[in-house]
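One structure below.
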Amino acid sequence: MARASQFVVLGSIVVLVNAALDGIHYREYLHASHQAYSRPPVAVVAQCVLAFFACTWGIVSSTPKLKPIRVTGSREMKNFDYYSALPAFVTFNHRSFSAPAAAPAAGSEAGASGGKGRLAEASGMEDAESKFQVSKLKHAVEEAEAACSGPGSGGVADDHAFWYSQPVPRMTDPELGPDEPRGPIVPSDISTVPKEALKLPAGFEWSSVRLDDDSELSELYTLLKENYVEDSQAMFRFEYSKPFIQWAMMPPGYKLEWHVGVRVSSSRKLVAFIGATPAEIVIHGDRLSACEVNFLCVHKKLRTKRLAPVLIREVTRRCNLAGVFQAAYTAGVVIPKPVGFCQYWHRSLNPKKLIDVGFSSLGPRNTMSRLIKMLKLPDEPLTRGFRPLRPADVPVCCAMLNEHLKRFKYYQVFDEAEFAHWLLPREGVVFSYVVEGEGGALTDMASFYNLPSSIIGNEKYPTLHAAYSYYTVAKKTSLDALMKDAMIEACRHNFDVFNALDLQDNASVLSNLKFGPGDGKLQYYAYNWKCQKIAANEVGLILL
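Mature numbering (1 follows the signal peptide of the UniProt record, and there is no 0) puts the sequence shown at residues -19 to -1, 1 to 525.
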C-alpha cells in the first residue's frame, strides 16, 4: 500500500509540473497571438485539481510507513510510467498548447494533416495551410453531383450519377497497365452531335458572352465575384479581375460560342457561365486537340435549378461540333476519375497579415518578430541578368519551354502566339522573367500570376494578394534560385503569399524555400480519354 501511495504521489507531482508547463505555454500562446489574457483551459485546471487530491491521498495513506524511494539502481522506477499511476478515468494533454489550426479545405480528405510536422516547422507556421483548396471546378462539380444524385443515395454509382453519364472512367475501373492501349472512351463522330442547344428551365436562355465588350465582361466579373469559389467557412472568395478574365478566356483561336452563359429571359441578367478555351495537349505522348474548361459558376439563388449539369453538357456539345472531343480540367474534389493529383504549397510573404486574417497561425514556440525575420527575403533578385520577359524574347523562350515540357507526361504545347499571350507580362495579371547571360543568351525563365481573394467581412484587410507559380524553366540557373527570385519579385509587388503546386520539379525545392504544404489536393482529369496514372512530378500542365 505504501509503495502504491508513493507511486501516486510521484505521478501526481509529474502531472502538477506538466499542468504548470501547459499554463506557461498557454500564456506564451496568448502573448504571441496578441490575445488578452483569459482563464487557463479546463484541461489545465482539471489536471491541477485531480493531481492535488491524488497527491494528498497518497501522502496521508502512506505517511506512517513512508520510506525513501531509491531511483538510482531501481529497475522498476527506471521503467515506470508516471502517468499510469493516476486513476484510469483521468485523461490529460501533456503537450504544449498550439494556436488554432486552419479549417480544412472543402473537398479535402478528412483528417488530412496538411501543414503539420517538420515542413510546418520549416515554414515557421503551426498548421500553415490555406483555409481553402485552390481548385477550378470545385463548387460546380459538387453542385452538378448534388443536382444529379437522388435523395438518400449512398453508393458510389449514385454519388457520381452525373459523371457516370459522361465519357469518363468509373472509380471502380482498374488502372491501366503500362502496355494497355490508351485512347478515347467514345468515338469522335461529329455527325452524332446534336445541332440544337440543350433545353433550359422555363424563364432562362442561352447567351454567348462577349468578353471584348466591357458591359458583358462586367457582368461576368460580378457573377464570379459574388458567386464563385469560396472556402467552407465563407472567409475567402476568389476575386478574378477583368483583365485576368480576358487573359484566361481569350487566347489566340478562342471561340465566342465556347463562352457559354445563361440569362434570365425577362431581365437579361447573367446568372450562370462556363467557359472553354482551345489547347494542344500531350498526355502520355499522345497529342490531342483539346480544350481547357474553367469558370463554371451558377448564381447562389439558382443552385436548385440543376443548371450545372446542363452547362457542362452544353459546352461539351459546342466543343464536339468544332471537332474537339477531349478536355483537360482540375478539381479540388475527387470525381470519376483522376489521372493524377498535385498538392498546393504556400510560402508566406506577409506573415503578420496572413495570421491576422486567419489564413495561417503562429506556433506556440514562435513570436511574430522571429517569424518575420525568418521569412524575410532580399530586396532585389539575386541572379545576375534576371529581368522581365520582353516581346523579342518570345521565339527563344517558347522553344525553351516546349523543350522543357517534353520531360513530363501531361502538358500543353505552345506556339509563339500562344506563348506571347500566356507569358508576356500583363500589369496586375502575369509576371514573367528571364535570365540573360553573357552575350545576351537567354538561359532560364520564371513566372507567376496574380489571383487575389476577397476576405469576407474584414474591413482592415479586404483582399488577400496571392501569387501563383506559373511556368519555370531552369537550365543554367538552379530551380531553387529562380523560384526565390520570383518570390522576391512577388514581395516587391506587395503579394501576401506565394503558392506553388508540387508538379514538375517543384517538390525538390519547396521545403528549402520555407513553403508549407496545404491540406488538400488538386485532382487532374482528362475528359473522354483513358490512360495510365500520372505522378505529381510527371505533370507539366498548369491550369488557371
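Don't be surprised by glycine CBs; every beta carbon is placed ideally from N, CA and C.
With DSSP as the reference, label residue i as helix, strand or coil.
| i | result |
| --- | --- |
| Y451 | coil |
| M231 | coil |
| H265 | coil |
| I255 | strand |
| V338 | coil |
| D160 | coil |
| E186 | strand |
| W510 | coil |
| R351 | helix |
| L503 | strand |
| E107 | A caution first: E107 carries a pLDDT of 43, below 50, which makes its placement in the model unreliable, though a value can still be read off. If DSSP states are grouped into helix, strand and coil, E107 belongs with coil. |
| L302 | helix |
| L343 | strand |
| V394 | strand |
| V291 | helix |
| V520 | strand |
| A401 | helix |
| Y145 | helix |
| N493 | coil |
| L356 | helix |
| I316 | coil |
Please report the distance separating the alpha-carbon of residue i from that of residue j.
| i | j | result |
| --- | --- | --- |
| L302 | E295 | 11 angstroms |
| Q504 | N439 | 31 angstroms |
| A517 | A488 | 9 angstroms |
| L363 | K334 | 26 angstroms |
| G256 | E200 | 14 angstroms |
| R515 | R249 | One point to set straight first is that residue 515 is Ile, not Arg, in the sequence displayed. Approximately 44 angstroms between the Cα atoms of the pair. |
| R473 | P359 | 10 angstroms |
| L288 | S169 | 26 angstroms |
| I171 | M231 | 25 angstroms |
| L445 | S434 | 5 angstroms |
| E207 | L423 | 42 angstroms |
| N475 | I469 | 10 angstroms |
| K236 | N493 | 43 angstroms |
| S350 | G339 | 18 angstroms |
| Q147 | E519 | 26 angstroms |
| C278 | V210 | 8 angstroms |
| P498 | S246 | 46 angstroms |
| A253 | F217 | 21 angstroms |
| K441 | K286 | 37 angstroms |
For residue i, which residues in the same chain have their Cβ closer than 6 angstroms to its Cβ, ignoring the five residues on either side in sequence?
| i | result |
| --- | --- |
| S413 | L370, L404, P406, S428 |
| A481 | W326, S450, N487 |
| F225 | V410 |
| C129 | At C129, the pLDDT of 41 sits below 50, so the modelled position is not reliable; the number obtained from the coordinates is stated separately. Result list for C129: A142, F143, P290, in chain order. |
| S188 | G242, R244 |
| L522 | Y391, Y392, Q393 |
| L460 | D486, V490 |
| L432 | A447, Y449 |
| V274 | A257, A308, Y310 |
Starting from the C-beta of residue i, find all residues in its chain whose C-beta is less than 8 angstroms away, skip the five residues before and the five after it, and write them out in chain order.
| i | result |
| --- | --- |
| K318 | V149, P150, R151, M152, D154, Y506 |
| R298 | V174, P175, A178, L179 |
| Y202 | Y221, S222, K223, I226 |
In the DSSP assignment, what are the bridge partners of residue i?
| i | result |
| --- | --- |
| E177 | Paired residue(s): none; E177 is not in a bridge. |
| F217 | I436 |
| C272 | P259, A308 |
| W326 | A481, P498 |
| H280 | Per DSSP, none; premise fails for H280. |
| Y202 | Y202 is not bridged to any residue. |
| V241 | S189, I255 |
| G321 | Y505 |
Identify, in the order they occur along the chain, each residue of the same chain with its Cβ nearer than 7 angstroms to the Cβ of residue i, setting aside the five sequence neighbours on each side.
| i | result |
| --- | --- |
| E261 | R268, S270, Q393, V394 |
| G366 | V416, E417, G418 |
| V454 | M381, L382, H385, D425, M426 |
| A398 | P233 |
| D374 | V415, L423 |
| A471 | L330, F429, A448, F479 |
4-residue-minimum alpha helix (DSSP H) runs that sit fully inside the stretch 403 to 479, ordered along the chain: You should have 460 to 473.
3-residue-minimum beta strand (DSSP E) runs that sit fully inside the stretch 359 to 390, ordered along the chain: Within the stretch 359 to 390, the complete beta strand (DSSP E) segments of 3 residues or longer fall at 367 to 369, listed in chain order.
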